[in-house]
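A.B. asks: For what it's worth, the working numbering labels the leading residue of the sequence shown as 0, then goes sequentially.
Even glycine gets a Cβ: it sits at the ideal position worked out from N, Cα and C.
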Amino acid sequence: MRISVINQKGGVGKSTTTANLAVVLASDFKKRVLVIDWDGQANVSAFLGLSPSPAWSNTNLILDPSSGFHPERDVLVPGLDVVPGASDFALVERQLLGDLLSGPRRLRRAIEPVYNQYDVILTDCGPTLGMLAINAVAACPDILVPIELAHAALLGAMTLQKFLADAQSSLEPAIRTMGVLPTFHDDREKTPREILGDLVKLFGPTLFKTAIHSAANVRDAGGQGRPVVLTEPHSRGAEEYRALAKEVLTRG
Ligand SMILES: Nc1ncnc2c1ncn2[C@@H]1O[C@H](COP(=O)(O)OP(=O)(O)OP(=O)(O)O)[C@@H](O)[C@H]1O
Ligand SMILES: [Mg+2]
Numbered sequence: 000m001r002i003s004v005i006n007q008k009g010g011v012g013k014s015t016t017t018a019n020l021a022v023v024l025a026s027d028f029k030k031r032v033l034v035i036d037w038d039g040q041a042n043v044s045a046f047l048g049l050s051p052s053p054a055w056s057n058t059n060l061i062l063d064p065s066s067g068f069h070p071e072r073d074v075l076v077p078g079l080d081v082v083p084g085a086s087d088f089a090l091v092e093r094q095l096l097g098d099l100l101s102g103p104r105r106l107r108r109a110i111e112p113v114y115n116q117y118d119v120i121l122t123d124c125g126p127t128l129g130m131l132a133i134n135a136v137a138a139c140p141d142i143l144v145p146i147e148l149a150h151a152a153l154l155g156a157m158t159l160q161k162f163l164a165d166a167q168s169s170l171e172p173a174i175r176t177m178g179v180l181p182t183f184h185d186d187r188e189k190t191p192r193e194i195l196g197d198l199v200k201l202f203g204p205t206l207f208k209t210a211i212h213s214a215a216n217v218r219d220a221g222g223q224g225r226p227v228v229l230t231e232p233h234s235r236g237a238e239e240y241r242a243l244a245k246e247v248l249t250r251g
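1) Sort V179, P140, L170 by Cα distance to M157 and report the nearest one.
2) So L121 packs on A21, CB below 8 Å; how close in whole Å?
3) Out of I2, N42, K13, N6, which has the shortest C-alpha to C-alpha gap to L255?
4) Please work out which residues of its chain come closer than 6 Å, Cβ to Cβ, to T79, disregarding the five sequence neighbours upstream and downstream, and give them in chain order.
5) Buried or exposed: R338, going by 16 or more other Cβ atoms within 10 Å of its Cβ?
6) What residues match up with C124 in a beta bridge as DSSP calls it?
7) Please find out if some non-hydrogen atom of ligand 1 comes closer than 7 Å to the beta-carbon of G236.
8) Do the region 34-50 and the region 82-90 make contact, defined as three or more Cβ pairs closer than 8 Å?
9) Which residues in the same chain as G221 place their Cβ atom closer than 6 Å to its Cβ, once the five residues preceding and following it in sequence are excluded?
10) Could you compute how far the alpha carbon of A191 sits from the alpha carbon of G97?
11) If you follow the beta strand (DSSP E) that I2 is in, where does it begin and where does it stop?
12) Looking at C-alpha atoms only, which residue of L159, R218, F88, D141 is the closest neighbour of P60?
13) Quick one: measure Cβ to Cβ for F28 and L248, integer angstroms, because I've assumed they're closer than 8 Å.
14) Tell me the DSSP secondary structure of G203 in three-state form.
15) Identify, in the order they occur along the chain, each residue of the same chain with its Cβ nearer than 6 Å to the Cβ of L128, setting aside the five sequence neighbours on each side.
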């Protein structure tokens, strides 16, 4: 399974979801997992406790194929490899834009040789729908969309569906929305409950049954470089990410 975690809206929980899901898939479900940090902010690398200046990075993966494939191995748990983010990744998009013939497929080409080394590849996208996002969905066509249960969420969701439909028809037929994940849920508040109802109507069975609640320990764990599934494995957030992992595997 090759998953792009994508939503052009910032701060909806893409990197937090990627980090927790990756750890759970490797540790609880014994999958061979690769995380690709595909965002200049390098948040998912930080959430997984990695250094901000790796020896080999996402930038090397894309711009320097002769450098080989040297992800960080067994990050936090056995079976979880990570292509870490580097600060110069911000320069990659411009290079891809200059490559008219194969620009959209550069990530796919770079990781195709290692596809069979992993059961699940998770690409954590940044909050844009440019050339980097196009590369992500071409390489990882199973689309996971975290959506924050807040008012502006639905407008952006429609734009994203349009982007995915275009990419599917002109770039990669395998692109499909494998699941929409409600995030920042709060049962006690009216707005998230209403928006969750809208998402059910809009996405039907594509919506995951699991929703991730807002929780301080989910946020704080990210800051400490250890996802909540490791810092507090019995908390509600950890249970939710394990339930999500189960759903993801059944949709593979
Ligand atoms: N369930 C949650 N409860 C509370 N805080 C959360 C939760 N999930 C994520 N956060 C926090 O919200 C912020 C945004 O989350 P995250 O970085 O995962 O979003 P993102 O979509 O990857 O953002 P960006 O678009 O900038 O890449 C972070 O500070 C994170 O710790
Ligand atoms: Mg992020």
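C.D. replies: With the structure as the only source:
1) As a working note, residue 157 is residue 158 in the sequence shown. Selected option, being the one with the closest Cα: V179.
2) As a first step, residue 121 must be located in the sequence shown, where it is residue number 122. As a first step, residue 21 must be located in the sequence shown, where it is residue number 22. Contact flag correct, Cβ pair sits at about 5 Å.
3) Residue 255 falls outside the range modelled here, since the chain spans only 0 to 251, and no answer is possible.
4) Within the sequence shown, residue 79 is the residue found at index 80, counting from 1. Note on residue identity: the sequence assigns Leu, not Thr, to residue 79. Same-chain partners within the cutoff: A21, A25, V32.
5) The shown model of the chain, from 0 to 251, leaves out residue 338, and the question about it has no answer.
6) On the sequence shown, position 125 is the one that residue 124 refers to. C124 is bridged to W37.
7) Here residue 236 corresponds to residue number 237 of the sequence shown, with the count starting at 1. Yes, since a heavy atom of ligand 1 falls inside the 7 Å radius drawn around the Cβ of G236.
8) yes
9) Position 222 of the sequence shown, counted from the first residue, corresponds to residue 221. If we look at G221 and ignore the five residues flanking it on each side, its Cβ neighbours are T15, F46.
10) Along the sequence shown, read from residue 1 onward, the residue named residue 191 stands at position 192. Along the sequence shown, read from residue 1 onward, the residue named residue 97 stands at position 98. Reading the sequence as shown, one finds Pro at residue 191 and not Ala. Roughly 42 Å between the two C-alpha positions.
11) The residue labelled residue 2 in the question sits at position 3 within the sequence shown. Start and end: 1-4.
12) Reading the sequence shown from its first residue, position 61 is the one you call residue 60. What sits at residue 60 in the sequence shown is Leu, not Pro. When only C-alpha atoms are compared, the closest one is F88.
13) Here residue 28 refers to the residue found at position 29 when the sequence shown is read from its first residue. Here residue 248 refers to the residue found at position 249 when the sequence shown is read from its first residue. So it is a contact: roughly 7 Å between Cβ atoms.
14) Within the sequence shown, the letter at position 204 stands for residue 203. Here G203 sits in helix by DSSP.
15) Residue numbering aside, residue 128 sits at position 129 when the sequence shown is read from its first letter. Q7, F162.
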